[in-house]
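Visitor:
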Amino acid sequence: MPISGLVVTLSDVPSLQKSALDQLASDPRLTLGELHGIRLPVVAETQTVRQGTDLVREELLDIPGVVFVDVVSVDFSDIDNSAEPEEREQKRPRESRETR
């Protein structure tokens, strides 16, 4: 299970900040730390690396009141990489598959 350490920068508008905090707190994948000004430490746990990437790059940034997400650390050392070759194969450019 990938675990990411994040710092979420929130809006300084009180109503947006509260709304964002409420939405973040309701997400079971997230554990929130103590708010420091407009910065909130967050631990995110997802089932796959792709889900973690989508969470950071899209889902969190789509929350009104979330201004920025810094990735501090990512640990996916417990992921079984035996299934990854197929995924890598699908992502390769078409010509490299044809020339093998």
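In this text, residue positions in the sequence shown follow the numbering used here: the first is 142, and each later residue adds one.
The C-beta atom is built at its ideal place from N, Cα and C for all residues, glycine as well.
Please read all numbers here as calculations on a predicted model, not as lab measurements.
(1) In the DSSP assignment, the alpha helix (DSSP H) including P155 goes from what residue to what residue?
(2) Reducing DSSP to helix, strand and coil, say where D195 ends up.
(3) Between the alpha carbons of R229 and T194, how many angstroms are there, rounded?
(4) What are the start and end residues of the beta strand (DSSP E) that includes S214?
(5) Classify L201 as helix, strand or coil using the three-state DSSP reduction.
(6) Mind checking S237: buried by the 16 CB within 10 Å criterion, or exposed?
(7) What separation, rounded to the nearest whole angstrom, lies between the Cα atoms of S167 and D219?
(8) Which residues bound the beta strand (DSSP E) around I179?
(9) Does the ligand ATP have a heavy atom nearer than 7 Å to the CB of F209?
Guide: This is what the structure holds:
(1) In the DSSP annotation of this structure, the continuous segment of the alpha helix (DSSP H) that includes P155 starts and ends at P155 to A166.
(2) Looking at D195 - three-state DSSP - the assignment turns out to be helix.
(3) Residue placement at R229 is poorly supported in this model, since its pLDDT is 46, which falls under 50; the coordinates still yield a value, given next. Rounded to the nearest whole angstrom, the CA to CA distance from R229 to T194 is 16 Å.
(4) That run of the beta strand (DSSP E) goes V207 to D216.
(5) Here L201 sits in helix by DSSP.
(6) Confidence is the limiting factor: at S237 the pLDDT is only 47, short of 50, which leaves the residue's position unreliable, though a coordinate-based value still follows. For S237, the number of other beta carbons within 10 angstroms of its own is below 16, and it is reported as exposed.
(7) Near 26 Å, if we compare the C-alpha coordinates of D219 and S167.
(8) Element bounds for I179: n/a, residue is neither H nor E.
(9) No copy of the ligand ATP appears in this structure; indeed no ligand is present at all.
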